[in-house]
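Encoded as structure tokens, the structure appears first; notes follow it.
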Ligand code: PHE
Ligand code: NA
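In the UniProt record's numbering, the protein residues as written are 10 to 478.
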């Protein structure tokens with residue numbers, strides 16, 4: 010019975026066709042939308058970045074998500090073994106599985122810093138619960154955040170707590186507890202963003218915020234272009250195999266096209282809503298939109314401190330940020346856990362524990378990059394030339410910035426490029442068509458062109474632009 014049915018994976022199958030959408034949305038909607046997107050828009054100058062980001066989502070991100078999902082469902086194993094077996098079936102080289110290996114490691118790198126930032130949200134859940142921000146000044150909110158990031162032990166504590174959450178969920182398997190809580194948490198997150206949006210509309214600076222978010226200055230485009238593409242990958246969770254892993258648990262009857270469009274739409278909506286909610290508050294507080302990673306952790310506590318019941322909303326908001334981060338972090342662990350379970354035949358719990366400890370250790374680098382190792386910089390260019398590493402207060406990238414850069418700008422796009430090339434050029438056209446259930450659809454040539462040409466060429470052009478600018 011088991012072998013006759015293609016709805017089988019050793020790790021499990023989602024209980025219904027909707028669970029893939031739920032899990033993939035849980036993976037996609039995370040710190041990338043609520044924390045990273047607004048501050049990147051700030052740093053890269055507003056609408057130009059947003060425009061390139063949206064183009065990258067439609068022309069590159071969604072085709073890759075489609076490719077990953079269908080590869081996963083066809084292969085029914087961890088991303089590495091899925092590519093291996095599909096390559097064997099299609100007469101392709103087994104070397105393709107290296108792309109999944111790189112992606113898998115990239116996902117673990119992301120988890121290492123994601124956990125630290127999610128830990129900030131945990132700190133703020135407690136702080137809001139203690140009503141620490143009532144009537145606070147913007148400057149004091151800034152200092153509160155600086156005090157947190159300046160304290161390596163406190164950061165490590167929260168980083169540890171978050172990593173345990175993530176590992177515990179993955180160790181128990183993705184189905185039961187997770188699916189049920191996500192059904193409640195995801196709509197709640199959305200609702201809270203809308204409440205926040207309502208608050209910012211009454212802040213008196215809503216228009217200023219909108220103008221900042223959507224007004225574009227073409228001169229800023231070249232600067233933000235690779236950043237925008239990198240973020241499109243990050244926000245959709247593509248290029249690392251997370252979506253492929255979730256796709257491998259997808260029942261046959263689920264429509265991949267609809268699922269991918271739904272996930273992409275919700276992800277973009279959440280990011281834009283977060284931006285629309287945040288920037289008016291930034292302006293109302295007299296803060297700078299280019300504040301960087303601290304943006305959400307400074308402006309929001311300040312804003313919540315100014316309104317009635319603000320501390321309560323703040324508490325719920327950071328709770329949901331924590332949940333959004335948690336539903337994403339598990340998807341970063343899944344490809345590696347699934348792979349090692351298949352390879353070593355050890356228990357899921359053991360494999361998860363070992364990988365999580367490894368990620369935790371790497372995360373300590375991010376913890377210290379905000380304090381004791383703030384001057385330890387990589388990729389430093391100065392008058393004396395280029396150095397891989399230097400001690401300096403200016404220039405180069407901290408450990409956190411380096412890992413973020415390496416994953417978002419290089420590993421994710423490269424992984425995504427390989428996945429989409431594999432689906433477009435190695436897999437049989439009929440297999441792709443059947444997997445998408447588009448045998449009779451006249452849209453198929455459009456979709457196939459996106460997968461075969463548009464997405465790969467797009468990634469390559471952006472890489473070359475970066476190289477020669
Ligand atoms: N998409 C997640 C976010 O926006 C981050 C993520 C990246 C999740 C890669 C899984 C894999 O926060
Ligand atoms: Na996202």
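Virtual Cβ for every residue (Gly too), placed ideally from N, Cα, C.
Query, Result
"Rounded straight-line distance, which links the Cα of residue 176 to that of residue 186", "Note that residue 186 has pLDDT 49, beneath the 50 cutoff, so the model's placement of it is unreliable and the number below is only indicative. For residue 186 and residue 176, the distance between alpha carbons rounds to 14 Å."
"Heavy atom of the ligand NA within 6 Å of residue 37 beta-carbon", "yes"
"Where the alpha helix (DSSP H) through residue 400 begins and ends", "Unbroken run through residue 400 is the beta strand (DSSP E), 394 to 400; no alpha helix (DSSP H)."
"Inter-residue Cα distance where the pair is residue 160 and residue 377", "9 Å"
"Nearest-angstrom Cα separation, counted from residue 225 out to residue 58", "8 Å"
"Same chain, Cβ closer than 7 Å to residue 402, neighbours up to 5 away in sequence not counted", "384"
"Per DSSP, the bridge partner or partners of residue 391", "394"
"Proximity below 7 Å, CB of residue 102 to CB of residue 89", "no"
"Extent of the continuous alpha helix (DSSP H) run through residue 230", "230 to 245"
"Collapsed DSSP secondary structure at residue 186 in the structure displayed", "With a pLDDT of only 49 at residue 186, under 50, the local geometry of the prediction cannot be trusted, and the value read off the model is given with reservation. Looking at residue 186 - three-state DSSP - the assignment turns out to be helix."
"Within 7 Å, strictly: CB atoms of residue 453 and residue 259", "no"
"Cβ-based burial, residue 469 [other Cβ within 10 Å; buried from 16]", "exposed"
"Contact between the stretch 444 to 461 and the stretch 264 to 280 (3+ Cβ pairs under 8 Å)", "yes"
"Three-way DSSP call (helix, strand, coil) for residue 153 in this model", "helix"
"is_contact[residue 18, chain B] using C-beta, thresh 7 Å", "In summary, chain B is missing from the structure at hand, where a single protein chain is found."
"Cβ shell of residue 180 (< 8 Å), same chain only, five flanking positions each side left out", "357, 358, 361 and 362"
"Run of the alpha helix (DSSP H) containing residue 179, from where it starts to where it stops", "161 to 180"
"Three-state class that DSSP yields for residue 406 in the structure shown", "strand"
"Closest by C-alpha distance to residue 163, when choosing among 126, 199 and 142", "126"
"Top-ranked residue by Cα proximity to residue 95, from 463, 441, 387 and 26", "441"
"Residue from 148, 61, 113 and 425 with nearest C-alpha to residue 295", "148"
"Per-residue burial, residue 42 [other beta carbons within 10 Å of its own, 16 or more giving buried]", "buried"
"Rounded Cβ spacing between residue 322 and residue 204 (contact assumed at less than 8 Å)", "7 Å"
"Among 421, 387, 227 and 425, nearest to residue 54 - alpha-carbon criterion", "227"
"Assigned secondary structure, residue 386 (DSSP; H/G/I helix, E/B strand, else coil)", "strand"
"Member of 19, 136, 423 and 222 whose CA lies at the smallest distance from the CA of residue 314", "136"
"Of the residues 345, 426, 472 and 353, the one placed nearest residue 71, counting alpha carbons only", "426"
"Residue 413 (DSSP reduced to helix, strand or coil)", "helix"
"Limits of the alpha helix (DSSP H) - the one that residue 453 falls within", "453 to 458"
"DSSP-derived helix/strand/coil call for residue 335", "helix"
"Reference residue 78; option with closest CA among 167, 400 and 251", "251"
"Nearest to residue 221 (by Cα), restricted to the options 47, 407, 439 and 416", "47"
"Close beta carbons around residue 459, own chain, < 6 Å, minus the five adjacent residues each side", "72"
"Sufficient close CB pairs (3 or more, under 8 Å) joining the stretch 31 to 40 to the stretch 270 to 279", "yes"
"Inter-residue CB distance, residue 424 and residue 84 (contact presumed, cutoff 8 Å)", "Incorrect: roughly 16 Å between the Cβ atoms, too far for contact."
"Minimum C-alpha distance to residue 284 - residue among 45, 27 and 22", "45"
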